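These notes are about the structure you will find just below.
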Amino acid sequence: MSILKSLNNDIRDMIKRAGYEIDVGLLPSNRKDLGDFQINCAMSLAKIYHKSPLVIAEDIVKVLEEDKRFVNINIANPGFINLSLSKEFLIDILNKENEDIYNNIDKKDKKKIIIDYGGANVSKALHVGHLRSANLGEAMKRLARAVGYDVLGDAHLGDYGRPLGLVLLEIKKRFPNLEFFDSNYKGDYSEVELPITNSLLEEIYPYASLKAKEDEDYLEEARDITFKIQNRERGYYDLWKKVVAISKEDIKKVYDELNVSFDLWLGESDAMEYFPKLKEIFEEKGLLKLSDGALVVDVSKDGDTSPMPPLLFIKSNQALSYATTDLATILQRKLEYNPNEIWYFTDLRQNLHFEQVFRASRLANLVDKDVKLEFIGFGTMNGRDGKPFKTRDGGIMTLKNLIELINNETKKRLNPDIEENSREEISKTVAIAALKYADFLPFRTTDYIFEEEKFSDLEGKTGPYLLYSTIRMKSLLNKADISYEKITSIETTEEKELALNILNLPTVIDKSLESKSLNEIAEYIYNLTSIYNKFYSENKIITEKDISIKESRLVLTKIIYELNCFILDILGIKVPKKM
Ligand code: ARG
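Start counting the sequence shown at -13; every next residue gets the next number (the working numbering).
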């Protein structure tokens, strides 16, 4: 149990001993001159117990005063209790944290959560739109695990539907003699070499997609091939599998660079096995309606204040929609993993899509009522013009290019002493830190502007600043010439502030879990690091003569170092050995 939680439990007991029962805890004070914390229950208790809040506050203070952990207890009108924590208790907090960070984290009741935060599309390059999904989803996965949830991350590859039909059609046009298009071919397709690289695939898709917009026959042919894939027709289906494999390998590499990993690499196509069952459920419940040749589900509700168009279940050309693949995926997840919650991280603009999907799945009871389906939308990363970030010529900014842009900046700021052969790797690690940290700083629904110089600055609220400081803490610890176990004294305001911040960590974690945004944690680690850095620049550590002060300061350094590593790991940010 966290230090704060057990402290709050004790406070509730103390209030009970004073004769009152209420669920309260310490709140950070907004009048630091009166104390570090407030307890604000006297006013509510006054209504329940029909006494003046001042009398109640006095009763409570009498009990609090017996506890050595509290100092400077005072009452402000009409009954606010202000207090601070004793030096001994602050030392205690630091020593507890030094034993094990996990002691200061509140474990939650077990539940199983599937997080859908990939959404990369086969044969299309990962682009800026996939960045926040990957960053946020990965970090929320790590955070949810840290509090004890059972979490599965799913890449949910877009490997189904017309884009693949288009890609295969264009391959057919360019390589008409491939065995995959020869219906007389009797050999084993898995052994056929495909003369295609991932970069060719990435070139083919935009080409084919544009062509289909201008050429009706081409589009028709692509539809036809899409059907062939979906019906697992020999040749086409085998080629599709090869294309998926090539693309997946490349997608994995980019996710690896981002330090993002998935437990499940399922795709939209994997859910299609569940489509017949899905259709049966919707039919049985009478939810499918014919509309202009398409089958739709009415998902509107009385009281809807904005338009809620019907969900397209089967299109008039018999193709399945994006919404149907998501419904089939919900059924698949229910039957194969039976989660308590499913979290979807995508761009806010997919809000309506998910609202339709969730409503339809409730109508059909695809999951139990208490299973939470949560859409977690995010804002866009924009260019300096305030519009979604594009390449200089207006094209889609791929993630690879984006990483390159920032890598060019972080490379410039690398310590010149770093050997040539590790420069590239280190600078990449710092670049990813810069990118991720900048992504977490604004609340998740807020758009932000991509500014590579600002993100890679070694000063200010940046990933590189945090890495640089963390590495410096480590190198200071490496220089220690005494063993250090315990904090025995704290002298400075900074030490006190650090202890108070540590006390506050579980609250920050809870807020992030609640809001599914990392901004609070991003601010928290910045604060912690800057307070420590101030302490570092104003105090002797290695050169301190008083051994017990020196030991305390080294332990403090170790605590903040480990806490930084822990938080950076949750954010999915790696710490290089030097930079
Ligand atoms: N592939 C989709 C896209 O690029 C994102 C998928 C998000 N997840 C989902 N279950 N719909 O827009």
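Glycine included, every Cβ here is placed at the ideal spot set by N, Cα and C.
This one's a predicted model, so the numbers in the text were calculated from it and none came from an experiment.
Residue i versus residue j: straight-line alpha-carbon distance, rounded
{"i": "Thr315", "j": "Leu306", "result": "13 Å"}
{"i": "Asn566", "j": "Phe66", "result": "It is not possible to answer for residue 566, since the shown part of the chain is limited to -13 through 565."}
{"i": "Tyr260", "j": "Glu254", "result": "11 Å"}
{"i": "Leu80", "j": "Ile556", "result": "21 Å"}
{"i": "Ala125", "j": "Leu504", "result": "8 Å"}
{"i": "Ser169", "j": "Glu219", "result": "10 Å"}
{"i": "Gly279", "j": "Glu202", "result": "20 Å"}
{"i": "Thr183", "j": "Phe375", "result": "27 Å"}
{"i": "Val108", "j": "Val561", "result": "31 Å"}
{"i": "Glu179", "j": "Ile232", "result": "12 Å"}
{"i": "Asp(-1)", "j": "Glu509", "result": "33 Å"}
{"i": "Thr456", "j": "Gly289", "result": "53 Å"}
{"i": "Ile42", "j": "Lys18", "result": "23 Å"}
{"i": "Val246", "j": "Gly147", "result": "26 Å"}
{"i": "Ser38", "j": "Phe429", "result": "41 Å"}
{"i": "Tyr241", "j": "Leu112", "result": "9 Å"}
{"i": "Ile87", "j": "Ile237", "result": "34 Å"}
{"i": "Asp416", "j": "Gly369", "result": "A quick correction: the sequence has Val, not Asp, at residue 416. So the alpha carbons of these two residues sit roughly 21 Å apart."}
{"i": "Lys373", "j": "Lys214", "result": "39 Å"}
{"i": "Pro64", "j": "Gln24", "result": "13 Å"}
{"i": "Leu549", "j": "Lys199", "result": "53 Å"}
{"i": "Glu524", "j": "Tyr35", "result": "51 Å"}
Of the listed residues the options, nearest to residue i (C-alpha basis)
{"i": "Asp356", "options": "Lys94, Gly139 and Arg348", "result": "Arg348"}
{"i": "Leu298", "options": "Gly289, Thr311 and Ile435", "result": "Thr311"}
{"i": "Lys544", "options": "Ile556, Glu524, Glu530 and Tyr518", "result": "Tyr518"}
{"i": "Glu477", "options": "Ile418, Leu444, Pro450 and Arg539", "result": "Arg539"}
{"i": "Phe552", "options": "Lys502, Leu452 and Asp467", "result": "Leu452"}
{"i": "Ile101", "options": "Lys502, Ile528 and Ala257", "result": "Lys502"}
{"i": "Ile283", "options": "Met367, Leu112, Pro296 and Ile8", "result": "For the record, residue 283 in the displayed sequence is Val; it is not Ile. Selected option, being the one with the closest Cα: Pro296."}
{"i": "Pro14", "options": "Asp532, Ile488 and Lys531", "result": "Ile488"}
{"i": "Ile382", "options": "Glu188, Ile495 and Met565", "result": "Glu188"}
{"i": "Val343", "options": "Ala350, Ile328 and Ala309", "result": "Ala309"}
{"i": "Thr493", "options": "Glu74, Leu122, His36 and Val133", "result": "Val133"}
{"i": "Trp251", "options": "Gly139, Ser38, Glu327 and Gly372", "result": "Gly139"}
{"i": "Arg3", "options": "Gln318, Lys(-9), Leu40 and Lys48", "result": "Lys48"}
{"i": "Lys447", "options": "Leu274, Thr432 and Ile511", "result": "Ile511"}
{"i": "Leu152", "options": "Asn217, Ser413, Leu20 and Glu206", "result": "Glu206"}
{"i": "Val571", "options": "Lys536, Tyr323, Lys197 and Asn163", "result": "In the structure as shown, the chain starts at -13 and stops at 565, and residue 571 therefore has no counterpart that could be examined."}
{"i": "Ala21", "options": "Ser(-12), Lys271, Ser70 and Ser(-8)", "result": "The amino acid at residue 21 is misidentified as Ala; the sequence shows Gly. The shortest Cα separation from Gly21 among Ser(-12), Lys271, Ser70 and Ser(-8) belongs to Ser70."}
{"i": "Ile267", "options": "Leu463, Ile59, Asn68 and Ala350", "result": "Ala350"}
{"i": "Lys564", "options": "Ser408, Ile418 and Tyr522", "result": "Ser408"}
{"i": "Lys227", "options": "Phe166, Leu281, Gly173 and Gln336", "result": "Phe166"}
Neighbourhood of residue i by C-beta, 6 Å cutoff - its chain only, sequence neighbours within 5 removed
{"i": "Ser286", "result": "Met294"}
{"i": "Lys520", "result": "Glu480"}
{"i": "Leu484", "result": "Ile517"}
{"i": "Glu74", "result": "none"}
{"i": "Ala424", "result": "Phe441"}
Cβ shell of residue i (< 7 Å), same chain only, five flanking positions each side left out
{"i": "Thr332", "result": "Gly105, Ser119 and Gly363"}
{"i": "Ile444", "result": "With the sequence shown as reference, residue 444 is identified as Leu, and Ile is not the correct amino acid for it. Cβ within range, chain order: Arg399, Pro450, Tyr451 and Tyr454."}
{"i": "Gly11", "result": "Asn(-6) and Ile(-3)"}
{"i": "Lys482", "result": "Leu76 and Ile476"}
{"i": "Ser567", "result": "Because residue 567 is not part of the residues shown, which for the chain are -13 to 565, the question remains open."}
{"i": "Asn588", "result": "For the chain, the structure presents residues -13 to 565; residue 588 sits outside this window and is missing."}
{"i": "Pro402", "result": "none"}
{"i": "Arg319", "result": "Ile100, Pro325 and Ile328"}
{"i": "Ile392", "result": "Ala417, Ala420, Leu421, Glu438, Phe441 and Ser442"}
For residue i, the residue or residues it bridges with in DSSP
{"i": "Met367", "result": "Tyr434"}
{"i": "Phe361", "result": "Tyr330"}
{"i": "Gly144", "result": "Asn107"}
{"i": "Gly139", "result": "Ile101"}
{"i": "Leu297", "result": "Val283"}
{"i": "Asn60", "result": "Asn68"}
{"i": "Thr311", "result": "Per DSSP, none; premise fails for Thr311."}
{"i": "Lys275", "result": "Val282"}
{"i": "Leu13", "result": "Gln24"}
Contacting residues, own chain, Cβ-Cβ under 8 Å from residue i (five flanking each side not counted)
{"i": "Ser534", "result": "Thr474 and Ser475"}
{"i": "Tyr135", "result": "Lys94, Lys96, Lys97, Lys98 and Ile99"}
{"i": "Leu388", "result": "Val114, Leu117, Phe375, Leu421 and Phe436"}
{"i": "Ser72", "result": "Lys54, Arg55, Phe56 and Val57"}
{"i": "Asn326", "result": "Lys97, Lys98, Ile99, Asp356, Val357 and Lys358"}
{"i": "Asp467", "result": "Ile528"}
{"i": "Asp210", "result": "Gly151"}
Residue-level contact to chain C via CB, residue i, 8 Å cutoff
{"i": "Asn68", "result": "No chain C is present in this structure, which holds just one protein chain."}
### Message
Suppose only complete runs of 3+ residues qualify. What are the beta strand (DSSP E) ranges in the region 71 to 132, listed by chain order?
### Response
98 to 102
### Residue ranges of each beta strand (DSSP E) within the region 481 to 511, 3 or longer
none
#### Entry: Uninterrupted alpha helix (DSSP H) stretches inside the region 196 to 220 (no shorter than 4 residues)
Given a length threshold of 4 residues, each whole run of the alpha helix (DSSP H) inside the region 196 to 220 is given here in chain order: 202 to 216.
### Message
List, from N- to C-terminal side, the beta strand (DSSP E) runs of 3 residues or more that fit wholly inside the region 346 to 424.
### Response
Counting whole runs of 3 or more residues, the region 346 to 424 contains the beta strand (DSSP E) stretches 358 to 364.
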